[in-house]
Amino acid sequence: MQTFFIAPTDFGVGLTSISLGLVRTLERAGLKVGFFKPIAQPHPGDTGPERSTELVSRTHGLKPPTPLSLSHVERMLGEGQLDELLEEIITLYQQACVDKDVLVVEGMVPTRHASYAARVNQHLAKSLDAEVILVSAPENDVLAELSGRVELQAQLFGGPKDPKVLGVILNKVRGDQSMADFAMRLRDHSPLLRSGDFRLLGCIPFQAGLNDPRTRDVADLLGAQVLNAGDYETRRMNKIILCARTVANTVPLLKPGTLVVTPGDRDDIILAVSLAAINGVPLAGLLLTSDSKPDPRILELCQGALLAGLPILSVSTGSYDTANQLNQLNKEIPVDDRERAEIITDFVASHLDADWLHQRCGTPREMRLSPAVFRYRLIQQAQAADKRIVLPEGAEPMTVQAAAICQARGIARCVLLAKPDDVQAVARAQGISLPEGLEILDPDLIRERYVEPMVTLRKSKSLNAPMAEQQLEDPVVIGTMMLALDEVDGLVSGLVHSTANTIRPALQLIKTAPGCSLVSSVFFMLFPEQVLVYGDCVMNPHPSAAELAEIARQSADSAQAFGIAPRVAMLSYSSGDSATGEEVEKVREATLLAQESQRGLLIDGPLQYDTAANQDIARQLAPNSQVAGRATVFVFPDLNSGNTTHKAVQRSADCVSLGPMLQGLRKPVNDLPRGAQVDDIVYTIALTAIQASHAAEY
1 MQTFFIAPTD FGVGLTSISL GLVRTLERAG LKVGFFKPIA QPHPGDTGPE RSTELVSRTH
61 GLKPPTPLSL SHVERMLGEG QLDELLEEII TLYQQACVDK DVLVVEGMVP TRHASYAARV
121 NQHLAKSLDA EVILVSAPEN DVLAELSGRV ELQAQLFGGP KDPKVLGVIL NKVRGDQSMA
181 DFAMRLRDHS PLLRSGDFRL LGCIPFQAGL NDPRTRDVAD LLGAQVLNAG DYETRRMNKI
241 ILCARTVANT VPLLKPGTLV VTPGDRDDII LAVSLAAING VPLAGLLLTS DSKPDPRILE
301 LCQGALLAGL PILSVSTGSY DTANQLNQLN KEIPVDDRER AEIITDFVAS HLDADWLHQR
361 CGTPREMRLS PAVFRYRLIQ QAQAADKRIV LPEGAEPMTV QAAAICQARG IARCVLLAKP
421 DDVQAVARAQ GISLPEGLEI LDPDLIRERY VEPMVTLRKS KSLNAPMAEQ QLEDPVVIGT
481 MMLALDEVDG LVSGLVHSTA NTIRPALQLI KTAPGCSLVS SVFFMLFPEQ VLVYGDCVMN
541 PHPSAAELAE IARQSADSAQ AFGIAPRVAM LSYSSGDSAT GEEVEKVREA TLLAQESQRG
601 LLIDGPLQYD TAANQDIARQ LAPNSQVAGR ATVFVFPDLN SGNTTHKAVQ RSADCVSLGP
661 MLQGLRKPVN DLPRGAQVDD IVYTIALTAI QASHAAEY
């Protein structure tokens with residue numbers, strides 16, 4: 001599915017109007033179009049539904065999800081919960097995508113109170129893997145200034161080299177020149193537009209009539225008393241005259257759409273306006289100021305005008321203050337002004353590059369799995385899996401909190417191995433609410449039942465009952481036995497236990513999966529724009545070529561299982577045939593072995609890391625590779641390089657890692673990273689639940 005993210009370059013560019021027109025343009029191309037405004041930004045005085053969402057709903061018959069409130073968003077940003085905010089938005093985004101070919105997403109507008117809008121828009125576009133269309137309004141700018149502002153905004157989203165930054169729509173273009181002439185002059189000032197990769201997608205001329213409010217809107221703004229409603233629902237105001245002159249000088253100004261503002265005691269002006277109305281001039285209305293009502297005898301003479309639909313309003317403010325209020329009239333489309341919304345929608349749509357936009361929607365492209373989408377899908381898949389996960393470190397505060405979260409959200413059915421009183425004490429001390437259904441098993445009460453099954457499983461190693469009883473003093477071993485006997489679907493440990501303590505029982509009791517000769521690991525590296533897979537960074541210090549090939553296959557399978565299209569780079573200190581040596585030859589042999597055993601797999605090596613990750617370098621050093629520059633799975637030649645690189649990237653780059661996730665076991669056992677926090681435990685439980693659903697296929 002295609003996603004267009006429209007982002008303003010400044011305040012007042014008419015973003016809502018562009019949204020309406022863009023949706024109409026894409027609908028006319030025969031596409032199923034959706035709309036999504038992630039964050040509401042109400043204008044002063046707005047009390048109803050979010051304006052853009054409601055207008056699109058009424059104009060196009062769509063039912064977009066309700067945006068998040070601005071106060072909620074600001075609270076989350078203030079508490080450093082950007083990732084959680086993005087996951088909430090992804091949930092709404094997925095709702096908006098149902099049965100759609102293309103989705104128009106409207107970004108935030110920068111204001112004095114929302115200076116963070118550009119940063120949020122950047123995160124939103126990347127998280128939604130959207131193609132960005134900028135919206136700008138030249139107003140009185142010289143072309144060089146307009147070009148600079150557009151280029152600056154384009155850089156925020158990745159710059160002209162990023163294929164996801166499509167172009168700009170210019171709104172409210174003033175002047176006598178044709179739009180084609182204006183576009184040509186702008187290109188002369190804009191290296192960005194001349195590059196060919198960044199397009200001018202629309203040039204919409206300024207048309208004052210599109211901003212004309214209904215007389216009723218004026219009454220609502222001023223809180224005016226309606227002396228005669230007349231046609232105030234349908235008449236529109238395009239001009240205001242403040243009458244302080246004689247009738248003779250006022251008469252030439254009484255034109256269609258004019259709102260006449262005058263004190264209520266100016267009988268001469270009231271009569272002149274009424275005569276104009278009786279003679280068929282569709283004035284916007286008569287606004288009487290200073291809380292003075294006209295003489296009833298004068299109103300009696302004006303009955304013809306009232307019957308002709310002349311709206312008459314009254315306010316308590318003086319003429320000067322009233323005029324100031326009128327100048328501050330909100331020019332946004334009211335949500336119930338269907339006529340104006342339809343006119344603006346069609347007008348904008350008629351000036352967009354419909355053919356190119358339609359063609360773009362039909363252009364195949366590979367989706368980049370952003371961190372927010374990855375986390376969202378992780379939780380969704382875990383919830384669907386509905387697996388039972390045992391946590392041997394059941395009384396650890398962070399484990400208790402993570403288990404409570406997972407149980408409450410349906411991520412997994414958690415089993416805490418600990419004394420119930422200890423867990424209850426932790427929950428009280430930490431303010432954790434233990435949800436219904438969260439299991440707590442006392443190891444002392446269940447230990448005995450696993451002695452005999454463990455002896456049976458380990459009889460080839462001469463394990464006897466006393467030895468089994470001693471090993472079962474470790475809750476990790478109890479949890480592993482529960483897994484071995486299919487009482488649970490997965491195990492997560494490592495908050496206080498070492499990696500060896502977590503993995504050794506699994507190797508002894510669970511064994512490797514069919515077709516696997518070793519256990520390896522991967523980390524999911526959540527970079528700002530996409531998720532990559534690193535393996536093996538935990539388990540195998542010096543893998544042979546055959547073992548390295550198996551690590552590559554396991555890592556590719558893991559990537560595939562979690563929605564990442566696997567393109568495997570076998571890493572070394574040289575690319576292609578540029579160097580020789582024992583380590584390089586090992587990687588070359590491993591690549592060939594992996595290719596032979598899994599022929600459909602996109603895999604290449606040896607490749608240097610930068611060749612695997614950067615398309616510009618890949619074009620120079622590996623121009624014929626289907627993996628170089630586009631790798632999603634990075635397989636390191638040994639544990640030293642893998643572990644070092646993982647930690648360097650995690651600590652020095654803008655990257656969050658999830659894992660390690662062990663692969664190659666018959667049933668999932670996962671070790672928590674050192675320094676794990678509650679979120680790490682929650683996501684590791686989710687990873688384990690999803691692995692369990694795949695392990696059931698063996």
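Be aware that the sequence shown starts at 1, since it is given in the UniProt record's numbering, and climbs by one per residue.
All residues carry an ideal CB built from backbone N, CA and C; glycine is no exception.
Would you identify the three-state DSSP class for residue i, choosing helix, strand or coil?
i           : result
E106        : strand
D671        : strand
M184        : helix
D604        : strand
I90         : helix
N228        : strand
F4          : strand
E131        : strand
M482        : helix
K647        : helix
M237        : coil
L495        : coil
V173        : strand
residue 714 : The requested residue 714 is not part of the displayed model; the chain covers only 1 to 698.
T289        : strand
G78         : helix
I389        : strand
G304        : helix
I312        : strand
Y698        : At Y698, the pLDDT of 44 sits below 50, so the modelled position is not reliable and the matter cannot be decided from this model.
S636        : First, the residue type needs correcting, since residue 636 is Phe and not Ser in the sequence shown. Coil, per DSSP.
D679        : helix
Short check: CB of residue i to CB of residue j, under 9 angstroms?
i           : j    : result
L313        : T215 : yes
I478        : P443 : yes
residue 700 : V105 : For residue 700 there is no data in the structure shown, the boundaries of the chain being 1 and 698.
S657        : Q608 : no
V335        : L602 : no
D265        : S292 : yes
L210        : L329 : no
A418        : V669 : no
D129        : K164 : yes
A395        : V423 : yes
M481        : L662 : no
L288        : D231 : no
L438        : L672 : no
D10         : R149 : yes
P543        : D474 : no
L70         : A114 : yes
L134        : S190 : no
A385        : A689 : yes
Spatial neighbours of residue i within its chain, please: CB distance less than 6 angstroms, with the 5 preceding and 5 following residues excluded, ordered by chain position.
i    : result
L82  : none
A372 : L86, E87, I90, S127
A549 : A590, L593, A594
L526 : P371, V656
T611 : S575, I617, A618, L621, A622, A628
P397 : V426, Q430
Q615 : G629
CB-CB under 7 angstroms to residue i, same chain, minus the five flanking residues each way: which ones, in chain order?
i    : result
A284 : T215, R235, R236, M237, G257, T258, L259
C203 : L170, V173, M179, F182, A183, H351
Y698 : Note on Y698: pLDDT 44, under 50, position unreliable in the model; no value is reported.
Q95  : P65
I564 : L369, V531, V533, T632
Report yes if the C-beta of residue i is less than 8 angstroms from at least one heavy atom of the ligand NAD; otherwise report no.
i    : result
L532 : Absence of the ligand NAD is noted for the structure shown, with no ligands found whatsoever.
Spatial neighbours of residue i within its chain, please: CB distance less than 8 angstroms, with the 5 preceding and 5 following residues excluded, ordered by chain position.
i    : result
Q626 : R567, L602, D604
V33  : V23, L26, E27, H60, L62, K100, D101, V102, L103, V104
N228 : L306, L310, P311, I312
Segment contact flag, the region 12-21 with the region 339-354, C-beta cutoff 8 angstroms, min 3 pairs: yes
Stretch pair the region 375-394 + the region 481-498: three plus CB contacts closer than 8 angstroms: yes
Inter-stretch contact at 8 angstroms, needing at least 3 Cβ pairs: the region 643-655 / the region 346-363: no
Every unbroken beta strand (DSSP E) within the region 2-57, with a cutoff of 3 residues, ordered by chain: 2-8, 33-36
Runs of beta strand (DSSP E) lying entirely within the region 559-586, each at least 3 residues, in chain order: 567-571
Stretch pair the region 268-285 + the region 241-257: three plus CB contacts closer than 8 angstroms: yes
Touch test, the region 521-536 against the region 635-643, Cβ-Cβ under 8 angstroms, three pairs minimum: yes
Whole runs of the beta strand (DSSP E) within the region 405-483, excluding any shorter than 3 residues: 413-417, 439-441
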